[in-house]
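Undergrad: Residue numbers (this note's numbering): 6 to 107.
Idealized CB from N, CA, C, for every residue including glycine.
Quick one: this structure, given as structure tokens, is what I'll be asking you about.
Below you can see the structure in the form of structure tokens.
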């Protein structure tokens, strides 16, 4: 079962917020990237309006700080060797790449 964009963003924000060290988190949200960017642009244009979605606002702050990177995807074979820790949903593609990389 696919993991929703909101769940991925929530987990990424928690990882940034709940670690003792300053970490950088890569959140890959697949084809949801266009929806995320559209929502982000809407939040930016309505910055004076209260937003109930604190997770999204926090994610925007962490992206701006360089602590969170949100994108459609990345070449795992290049990304994984650069990482200290990898948390994956266990899908066939990412799990296979982890096996090939390490």
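#1: Could you compute how far the alpha carbon of residue 28 sits from the alpha carbon of residue 72?
#2: Suppose you measure from the CA of residue 84 to the CA of residue 98; what does that come to, to the nearest Å?
#3: Report the option in 11, 9, 39 and 25 whose CA atom is closest to the CA atom of residue 77.
#4: Would you mind sorting residue 17 into buried or exposed? The rule is 16 or more other CB atoms within 10 Å of its CB.
#5: Mapping DSSP to helix, strand and coil, what is residue 79?
#6: List the whole-angstrom C-beta distance separating residue 74 from residue 31, where the pair is believed to meet the contact cut-off of C-beta under 8 Å.
#7: In the DSSP assignment, find the alpha helix (DSSP H) that holds residue 31 and state where it starts and stops.
#8: Report whether the distance from the Cβ of residue 73 to the nearest heavy atom of the ligand SAH is below 7 Å.
TA: Quick answer:
#1: For this step, residue 28 is matched to residue 23 along the chain shown. For this step, residue 72 is matched to residue 67 along the chain shown. For residue 28 and residue 72, the distance between alpha carbons rounds to 6 Å.
#2: For the purposes of this step, residue 84 is taken as residue 79 along the chain shown, with counting starting at 1. For the purposes of this step, residue 98 is taken as residue 93 along the chain shown, with counting starting at 1. Cα to Cα, residue 84 sits roughly 14 Å from residue 98.
#3: Taking the chain shown and counting its residues from 1, one reaches residue 77 at position 72. For the residues 11, 9, 39 and 25, the minimum Cα distance to residue 77 belongs to 39.
#4: The residue you call residue 17 lines up with position 12 of the chain shown. By the neighbour-count rule (16 or more Cβ atoms within 10 Å), residue 17 is buried.
#5: Here residue 79 is taken as the residue at index 74 of the chain shown, counted from 1. Residue state, collapsed to three classes: coil.
#6: Position 69 of the chain shown holds residue 74. Position 26 of the chain shown holds residue 31. Correct: roughly 5 Å between the Cβ atoms.
#7: In the chain shown, the residue the question calls residue 31 occupies position 26. Here residue 31 belongs to no alpha helix (DSSP H); instead the beta strand (DSSP E) covers 30–33.
#8: Among the ligands in the structure shown, none appear at all, so the ligand SAH cannot be discussed.
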